[in-house]
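Participant: Input: one structure, supplied below.
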Amino acid sequence: MRGAMSVTELFKSDDSTDDTELQFDAAGRLKHLLTLRGLDRSLITELLDQSEKYLTPMGQPVVRATTLQGKTVANLFFEPSTRTRASFDLAARRLGADVLNLDVKTSSRKKGESILDTLYTLQAMQVDIFVIRDASAGVPAYIVRHVGPHASILNAGEADVSHPTQGLLDLLTIRRHKGDFADLTVAIVGDIAHSRVARSAAEGLVTMGVGELRLVSPEALAPDPDAFPSARILHNLDTGIRDADVVMALRIQRERIGSLDGIPGIDEYYKNFGISSERMQNAAPDAIVMHPGPMNRGVEIESSLADGSQSVITEQVTNGVAVRMALLSTVANTLETQ
Ligand code: CP
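Here the sequence shown stands for residues -2 to 335, where the numbers follow this note's numbering.
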């Protein structure tokens, strides 16, 4: 009998192709999105520029197009989501696609069907683009290695590893407020150790040439410095956000923390690492406040700050739809012309 395999072993591949290379077709065009690593500055800029075209002022009609007419997009979320799932759904519909939102709780995966058999079943129904969120590292790349050549895989959140569309929407939000990344100091504050949002934001910001990137957290939630070679790792909030142009708060990812030993309680955490209007006096006077959501008000962020004039949190959500429309159009174009 085969010994028990860890989840990481299960999704490990003998194929030595790097995940970053897997994302491109033979002509070098983006076909899958697994990570922002491997996307160069011009490709990210192209995606952000295209996203801008899908933005309209609040209250005005949304942009609709027929770019995805005849295509089917399946949302497979094996972890909870509000923003990412809803925005992929809206983005695909606004581009004219048929959209399938698989209800994982009532799907045959509950009867033991493997993720690949679920995928092959939907592939047989001519799904073209799979949007996948999973709690296990390696799942999106594993699926890319097994999917048919006519399909595209988009990573909608992978364990603590990668959340590339969140990274793109964060870049778009920062660019719309601040312009050139080279002039900026960005501070990401909170549970960096378990955050896929921090990883993707850092990858994107470094590629875009950010002036300074600071990661601010309690010692117990600090990242492995090797995972963020270009960032300054700090453990004091006032130092960490001093003169920062962008301050991004992250929640504590309790679902990914095995033991809470050493993790500060809520009151202590808010006192030392909660972003508040008072603490923001240390940042640049025109600094923006970001949060990927879901927020824990009164833990990592003061409620009135989240709703105040410095906050761009709801803009991040709006920009998320635009970024996902740009991405869906890009990969659909690759599928169409391969
Ligand atoms: N930011 C983010 O991924 O939010 P959801 O978990 O609601 O999709």
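Beta carbons: idealized from backbone N, C-alpha and C, even for Gly. Quantities reported herein were computed from a predicted structural model and do not represent experimental measurements.
Is the beta carbon of residue 128 closer than 9 Å to that of residue 160?
Facilitator: Result no, Cβ atoms of residue 160 and residue 128 do not sit closer than 9 Å.
Participant: Can the beta-carbon of residue 287 be found closer than 9 Å to that of residue 320?
Facilitator: No, they are not a contact pair.
Participant: Give me the pocket residues for the ligand CP, defined as CB within less than 7 Å of any heavy atom, sorted by chain position.
Facilitator: Any residue whose Cβ sits closer than 7 Å to a heavy atom of the ligand CP makes the list: 77, 78, 79, 80, 81, 82, 154, 160, 163, 194, 289, 290, 291.
Participant: Rounded to the nearest angstrom, how far is the Cβ of residue 220 from that of residue 232, given a contact under 8 Å?
Facilitator: No, residue 220 and residue 232 are not in contact; Cβ-Cβ is about 12 Å, not under 8 Å.
Participant: For the candidate residues 112, 96, 48, whose alpha-carbon lies nearest to that of residue 324?
Facilitator: With distances taken between Cα atoms, residue 324 lies closest to 48.
Participant: Could you tell me the alpha carbon to alpha carbon distance between residue 72 and residue 97, rounded to whole angstroms?
Facilitator: Cα to Cα, residue 72 sits roughly 6 Å from residue 97.
Participant: Quick check on residue 362: buried or exposed, where buried means 16 or more other Cβ atoms within 10 Å of its Cβ?
Facilitator: Here the chain has residues from -2 to 335 only, and residue 362 is not among them.
Participant: Report yes if the C-beta distance between residue 248 and residue 293 is below 9 Å; otherwise report no.
Facilitator: In contact: residue 248 and residue 293 (Cβ atoms closer than 9 Å).
Participant: Quick one: measure Cβ to Cβ for residue 279 and residue 235, integer angstroms, because I've assumed they're closer than 8 Å.
Facilitator: With a Cβ gap of about 5 Å, residue 279 and residue 235 count as contacting.
Participant: Any idea if residue 263 is buried or exposed, counting beta-carbon neighbours within 10 angstroms, 16 or more meaning buried?
Facilitator: It counts as exposed.
Participant: Restricting to Cα atoms, I'd like to know which of 200, 137, 82 is closest to residue 28.
Facilitator: When only C-alpha atoms are compared, the closest one is 137.
Participant: What are the residues that DSSP puts in a beta bridge with residue 245?
Facilitator: Residue 245 is bridged to 185, 287.
Participant: If we require 3 or more residues per run, which beta strand (DSSP E) segments fall completely within the region 196 to 260?
Facilitator: Whole beta strand (DSSP E) segments, 3+ residues: 209 to 213, 229 to 231, 243 to 246.
Participant: Just to confirm the assignment: which complete alpha helix (DSSP H) runs, minimum length 4, are found wholly within the region 93 to 148?
Facilitator: Counting only runs of 4 or more, we get 112 to 121, 136 to 143.
Participant: With a threshold of 8 Å on Cβ separation, who are the neighbours of residue 302 within its own chain once the five nearest residues in sequence on each side are excluded?
Facilitator: So the qualifying residues of the chain are 272, 273, 274, 277, 286, 308.
Participant: Touch check for the region 203 to 217 and the region 172 to 185: three-plus C-beta pairs under 8 Å?
Facilitator: The answer is yes - the region 172 to 185 touches the region 203 to 217, with three or more Cβ pairs under 8 Å.
Participant: What ranges does the alpha helix (DSSP H) occupy inside the region 52 to 94, keeping only unbroken runs of at least 4 residues that lie completely in it?
Facilitator: Whole alpha helix (DSSP H) segments, 4+ residues: 80 to 91.
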